[in-house]
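Counting from 8, one number per residue, gives the positions in the sequence shown under the working numbering.
Don't be surprised by glycine CBs; every beta carbon is placed ideally from N, CA and C.
All remarks here apply to the structure that follows.
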Amino acid sequence: MQDMRSQDRLKSFIKVSKKDYKSECEKFIVSLRKTRKQKKFNDKRKIYSKVFDVDDKTSSKAGLDRIETIDSSPFSTDSSMDKEDACETLTNITSDLCKSVDELEIIDLVERLSNFLLSSWEADFQRALLTEGLVYKYATFLNFQNKVLSKVIIKFLGNLFYHVDEINPSMITSMVESGLIEILVTKTLVSINSLDIPHKSTFEDGKYDFGSFNEKYMPIYKLLINLCAVEPKLEQEILGCDILDSIVVTLSNDFMENNEDFIICVARLLKVLLPNIKSQHILLIYQLGRVLFPILEKTESPDLQLEILNCLNFIFQYDESSCEYKYIKYMCGLLATSMKLKQKLSKEFNLQYEQQILSIICTVTCFEKCSKFSKLILESIPSILKFLRNKHSNLKTKQLVLSIVGNLSLSGDLYQDPQIFTQSINKVVLEMLFQHREQSKDNSEEDISFDYKLSVLECVKTMLVKVPYQLQCDTIEDGILEVMNNFINPNNEPPEVNKEYLVILFNILACENKNQGSVFCKERIIESDCISFIEELCSYPDTTISTLAGCISDHLENSEYCKIV
Numbered sequence: 008m009q010d011m012r013s014q015d016r017l018k019s020f021i022k023v024s025k026k027d028y029k030s031e032c033e034k035f036i037v038s039l040r041k042t043r044k045q046k047k048f049n050d051k052r053k054i055y056s057k058v059f060d061v062d063d064k065t066s067s068k069a070g071l072d073r074i075e076t077i078d079s080s081p082f083s084t085d086s087s088m089d090k091e092d093a094c095e096t097l098t099n100i101t102s103d104l105c106k107s108v109d110e111l112e113i114i115d116l117v118e119r120l121s122n123f124l125l126s127s128w129e130a131d132f133q134r135a136l137l138t139e140g141l142v143y144k145y146a147t148f149l150n151f152q153n154k155v156l157s158k159v160i161i162k163f164l165g166n167l168f169y170h171v172d173e174i175n176p177s178m179i180t181s182m183v184e185s186g187l188i189e190i191l192v193t194k195t196l197v198s199i200n201s202l203d204i205p206h207k208s209t210f211e212d213g214k215y216d217f218g219s220f221n222e223k224y225m226p227i228y229k230l231l232i233n234l235c236a237v238e239p240k241l242e243q244e245i246l247g248c249d250i251l252d253s254i255v256v257t258l259s260n261d262f263m264e265n266n267e268d269f270i271i272c273v274a275r276l277l278k279v280l281l282p283n284i285k286s287q288h289i290l291l292i293y294q295l296g297r298v299l300f301p302i303l304e305k306t307e308s309p310d311l312q313l314e315i316l317n318c319l320n321f322i323f324q325y326d327e328s329s330c331e332y333k334y335i336k337y338m339c340g341l342l343a344t345s346m347k348l349k350q351k352l353s354k355e356f357n358l359q360y361e362q363q364i365l366s367i368i369c370t371v372t373c374f375e376k377c378s379k380f381s382k383l384i385l386e387s388i389p390s391i392l393k394f395l396r397n398k399h400s401n402l403k404t405k406q407l408v409l410s411i412v413g414n415l416s417l418s419g420d421l422y423q424d425p426q427i428f429t430q431s432i433n434k435v436v437l438e439m440l441f442q443h444r445e446q447s448k449d450n451s452e453e454d455i456s457f458d459y460k461l462s463v464l465e466c467v468k469t470m471l472v473k474v475p476y477q478l479q480c481d482t483i484e485d486g487i488l489e490v491m492n493n494f495i496n497p498n499n500e501p502p503e504v505n506k507e508y509l510v511i512l513f514n515i516l517a518c519e520n521k522n523q524g525s526v527f528c529k530e531r532i533i534e535s536d537c538i539s540f541i542e543e544l545c546s547y548p549d550t551t552i553s554t555l556a557g558c559i560s561d562h563l564e565n566s567e568y569c570k571i572v
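Structure representation (structure tokens):
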């Protein structure tokens, strides 16, 4: 049954000849069986969204900003020092640092090194501060019990990797072998003592004072973020040092839910690490979702909400079982909230916020057990469809809407409510017409939204192929015929230019209802200008076009249905 469902979904997206179809499906099913759970989910997601392509850039480390960790009052620098003198001074400091065993002297030397990070950055300085010997020294210094030294080293390294563009392979090896990464991760674990637990301030109505806590722990997370931004290979090393355990334990403390700055910092690190999780992290991933969701519910900070939504999306993608009913109920509720945010926040933030919620809902529609959430999502479809015609929505937002509607069509859930389905198909057809008419206004040679228009048309096809009941589809017929007429133009544009578009149109014209025959009124199509165009294409040199045109022509002339999907 599992394989048959996968085969059925595949049918709507892979355009192959009838003789190749069976072998294509068999290859796909074999590949599914061979892959582990994470890979299997990703494969399904690619198929679901092969046309409804979900851009995941907002939910990856792409474009990750580094975090500067210097104090607001930086160390002073000698601006009169020229490059040659600066290099000589730097060499002397690093030489002394490698020899020194006195902790106070080490603190002084590291603070002097920090001056070079705050002056004009030079590649020579970068190389001098990242030698193999110094990397081992940094790890050694962090192992000392001197808290001041540890704090100075962490801030120094955070600022160093804020500037560094790349690390050579030998340095990556040194950072791992020296234990530097493991030591840093170990230091993220909150010690169970009164000094680490924030105390309730008597001056702010009993609220927690996170000042000293954040001063101790946030620079470590900032440093780890900067390391990942410079060298992605270190992400696996950080995960291998049980960073997820540390984060789960830290965020599980009740007092932490109000520490928004710290949680945002942690969530930014998770955004980088979660795409790299392995099967051994499955239990921690489940726990992480249960820790993050209560924070999401209680916070009023849109920034924190956005970061947590990002993390939850990754968690749900990796482990379907970690997604609970109450989570999706809350996400659907956030759609209404996002509308209210428009007056308070920037347009760019609103887009990210809306896209993240839609992306999570889209992820849920990819679940094998999506049906337990389908009623919730169907109730939100009217709100989701509004994003298609919202003037603030960009193509990515609209693409997510199409993905949700398309995936619900594939699963059959969209047909549970005929009224919702009719509203959905009409909205998507109107979007198709809007894109078509916009193109007509634009005489430029390159149509930058052509892929999106294909997605809209493919969504229409997917919805119609499996529709189980008769439609009152004047709007759909009008829309399809208008778009079809676009190919009959005075410029005599060769059909191969829009071959992909034309193939999907032919598929739509051939759609039939399971019990009551053709979805479209054949007479309307025959009476339109489209019929002569279709007949001309029957003798077109491209065999794909001519075969499909022949099928459509036979389908219109005869009562028999020629299945070409």
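Just how far apart, CA to CA, sit residue i and residue j?
| i | j | result |
| --- | --- | --- |
| Leu196 | Ile254 | 7 Å |
| Glu314 | Val256 | 19 Å |
| Ser553 | Leu365 | 39 Å |
| Arg134 | Leu341 | 48 Å |
| Asp252 | Leu440 | 51 Å |
| Leu512 | Ile427 | 24 Å |
| Leu392 | Phe300 | 26 Å |
| Cys318 | Leu277 | 7 Å |
| Ile74 | Leu555 | 56 Å |
| Gly218 | Asp115 | 25 Å |
| Ser259 | Asn99 | 46 Å |
| Glu267 | Glu361 | 21 Å |
| Asp424 | Lys379 | 15 Å |
| Asp458 | Gln430 | 24 Å |
| Cys248 | Leu191 | 9 Å |
| Ile322 | Leu383 | 20 Å |
| Lys144 | Ala93 | 22 Å |
| Asn492 | Ser539 | 11 Å |
| Glu95 | Cys105 | 16 Å |
| Tyr228 | Val273 | 7 Å |
| Glu307 | Leu352 | 13 Å |
| Ser560 | Val237 | 59 Å |
| Tyr224 | Leu291 | 21 Å |
| Lys336 | Leu111 | 56 Å |
Starting from the Cα of residue i, find the closest Cα among the options and give me that residue.
| i | options | result |
| --- | --- | --- |
| Lys90 | Cys339, Phe132 and Ile559 | Phe132 |
| Thr372 | Lys154, Ile432, Thr404 and Leu421 | Leu421 |
| His288 | Asn265, Ile245 and Glu304 | Ile245 |
| Met263 | Pro205, Met225 and Gln294 | Pro205 |
| Glu518 | Cys558, Leu352, Ile284 and Ile411 | Here residue 518 turns out to be Cys, not Glu, going by the sequence shown. Checking every option, the nearest Cα to that of Cys518 belongs to Cys558. |
| Leu149 | Glu189, Val171 and Arg275 | Glu189 |
| Leu303 | Leu291, Val490 and Tyr334 | Tyr334 |
| Pro309 | Asn357, Cys272 and Val436 | Asn357 |
State yes or no: is the C-beta of residue i nearer than 7 Å to some heavy atom of the ligand FMN?
| i | result |
| --- | --- |
| Cys272 | The ligand FMN is absent from the structure shown, which contains no ligand whatsoever. |
May I ask which residues mark the beginning and end of the alpha helix (DSSP H) holding residue i?
| i | result |
| --- | --- |
| Leu421 | Looking at the DSSP string, Leu421 is not in any alpha helix (DSSP H), and its letter there is neither H nor E. |
| Tyr293 | Ile289 to Lys305 |
| Gln152 | Premise fails: Gln152 is in no alpha helix (DSSP H) and is neither H nor E. |
| Gly186 | Gly186 -> no alpha helix (DSSP H), and no H or E assigned at all. |
| Ile391 | Ser378 to Arg396 |
| Pro475 | Careful: Pro475 lies outside any alpha helix (DSSP H) and carries neither H nor E. |
| Cys235 | Gly218 to Val237 |
| Val197 | From DSSP, Val197 is part of no alpha helix (DSSP H); its letter is neither H nor E. |
| Arg275 | Glu267 to Leu280 |
| Ser539 | Cys537 to Leu544 |
| Lys285 | Looking at the DSSP string, Lys285 is not in any alpha helix (DSSP H), and its letter there is neither H nor E. |
| Lys354 | Lys354 to Thr372 |
| Ile515 | Lys506 to Leu516 |
Among the residues of its own chain, which have a CB less than 6 Å from the CB of residue i, if the five just before and after it don't count?
| i | result |
| --- | --- |
| Asp203 | Val197 |
| Glu438 | Leu395 and Val463 |
| Ser107 | Ile113 |
| Asp63 | A caution first: Asp63 carries a pLDDT of 40, below 50, which makes its placement in the model too unreliable to give a value. |
| Leu281 | Phe321 |
I'd like to know whether the C-beta of residue i is nearer than 8 Å to at least one C-beta of chain B.
| i | result |
| --- | --- |
| Tyr476 | Considering every chain present, this structure includes no chain B. It has just one protein chain. |
By Cβ distance below 8 Å, which residues in the same chain neighbour residue i in space, the five residues on each side in sequence not counted?
| i | result |
| --- | --- |
| Arg320 | The sequence given here places Asn at residue 320; Arg does not occur at that position. Within the same chain, Asn320 has close Cβ partners Ser66, Gln363, Ser366, Ile367 and Thr370. |
| Thr138 | Thr101 |
| Lys506 | Asp549, Thr551 and Ile552 |
| Val142 | Met178, Ser181, Met182, Ser185 and Leu187 |
| Asn221 | Asn266, Asp268 and Phe269 |
| Ile160 | Val117, Tyr145, Phe148 and Leu149 |
If I measure Cβ to Cβ from residue i and keep anything under 7 Å in the same chain, skipping five residues before and after, which residues do I get?
| i | result |
| --- | --- |
| Lys29 | For Lys29, the pLDDT reaches just 40, beneath the cut-off of 50, and the residue's location in the model is therefore unreliable, although a value from the coordinates is still provided. Cβ within range, chain order: n/a, list empty. |
| Leu97 | Phe123, Phe132 and Ala135 |
| Gln294 | Val255 |
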